[in-house]
Amino acid sequence: MKILESIPKISLGCYPTPFYKMKNLSKKTGLNLFIKREDLSGLGLGGNKIRKLEYLLADAKQKKCDVIITTGAAQSNHAMLTAAACRVLNLEPILVLKERGVTSLKGNLLLSKILDSEVHFVDTDDNEIVNAKIDLIMKQLEFRGKKPYFIPTGGSVPLGVLGYVSAVFEMFNQAEHDDVRIDHIVCATGSGGIQAGLIAGVELLDKSVKVTGINISSNKELPKIVANLSNGAFGLLSSDKNITKEEIIVRNYVGEGYAIPSKEGTEAIKLVARSEGIMLDHVYTGKAFAGLLSLSEQGYFEKDENILFIHTGGVPALFAIDAKF
Ligand SMILES: Cc1ncc(COP(=O)(O)O)c(C=O)c1O
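Per our numbering, residue 9 is the first one in the sequence shown, and the count goes up by one each step.
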């Protein structure tokens, strides 16, 4: 197997991120709850996209690209972090964002503006229209002599997924150092990249660790998407491992819709803040933690299991909503 270290990567974040037991929450819930603070990964305001960007932007640099174009929701954490990473590497960020009625300069949009990103809004949910817009922008850039590099939603392509393969190696080192056994990993899953990387990493280490993705979108195809991404990562690492969509564990906790705060998510945000002083967000991590609690109530976790919750970031979006707490 080709080792991960041989694949070009540019350092953008501050790693390792903290890993520790959430003592108060463990006491309150009766669970053994650990956390990996990917929200403290250093660039922008932190988050899970930075590890993916370390591989994707290394590829862009190697291909001598000078403009990075990416896409996402109006309050996309990925888009904002891509812009921040571009500034470190002297690349120009262009963000094509799905408007969905969200244009006010708050949260990630404000940060993207501070980063002087070129923002194009598209008032549609139709990916074909979004892709056509991106194609047009890329052609115009090429006409002007620029060399654009496109990063799909969430950086969720096999190369980006490697970021979370390397995160798995990091977290298992930390757990070993602290003499902690990780039994179960729980994270928010959206475009599938983080879950795919976690699963691939765990498989490559031959660990019998369950990875549960809490789906915060209405995408019913996630198990298939995640399996394809994990297999793509195995391919890049010349590993003959393979995973089927039936082996991917996804539980749906989107509530009324993507980015619409749920009552359970809001309660989870308050519980984690008031127990551990850790901030979650209403789009990803609040719903993911609410999902973890709900699964626990249904007897989903084994007795004495050590559960590792991945804090994937996302807090900037909290400052873009009129939430009732
Ligand atoms: C804060 C946060 N958590 C979790 C995710 C989900 O990660 P992925 O898209 O790799 O599934 C995202 C993706 O945008 C995110 O911004």
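Glycine is no exception: its CB is placed at the ideal position from the N, C-alpha and C atoms. This structure is a prediction, so every number in the text was calculated from the model and none was measured.
Check: residue i C-beta below 7 Å from any heavy atom of ligand 1
i    : result
A241 : no
Y266 : no
S199 : yes
S174 : no
Y157 : no
I256 : no
N56  : yes
Y63  : no
T79  : no
I329 : no
Q148 : no
N85  : yes
Y261 : no
Q203 : yes
A196 : yes
Member of the options whose CA lies at the smallest distance from the CA of residue i
i    : options                : result
T220 : A331, H192, V210       : H192
L244 : R152, F151, A328, G168 : G168
K17  : I286, A140, I190, E62  : E62
K36  : G55, R282, S270, H86   : R282
R189 : P24, R95, N40          : N40
I318 : K44, S174, L170, E254  : K44
K311 : T252, S34, V110        : S34
L103 : L123, V96, G109        : L123
A235 : I224, D330, S247, K253 : K253
N98  : A68, K60, K121, L105   : A68
G162 : I268, Y308, A276, H86  : H86
T320 : M30, I202, G299        : I202
F327 : C22, I159, S112        : S112
R59  : V210, S164, K106       : S164
I329 : L89, L118, C73, F27    : L118
Identity of the residues DSSP links to residue i by a beta bridge
i    : result
R45  : H319
N40  : N314
H128 : V104
K29  : F42
Residue range of the unbroken alpha helix (DSSP H) whose run includes residue i
i    : result
P166 : 166 to 185
I145 : 135 to 151
N236 : 230 to 244
I207 : 201 to 212
Y5   : One cannot answer for residue 5 here, as it falls past the ends of the chain, which runs 9 to 333.
T274 : 271 to 284
I122 : 115 to 122
H86  : 85 to 96
R59  : 57 to 70
Host beta strand (DSSP E) of residue i (start-end)
i    : result
H192 : 192 to 197
N223 : 218 to 223
N260 : 257 to 260
F158 : 156 to 159
A81  : 75 to 81
CB contact below 8 Å: residue i versus chain D
i    : result
N223 : Here there is only one protein chain, and chain D is not present.
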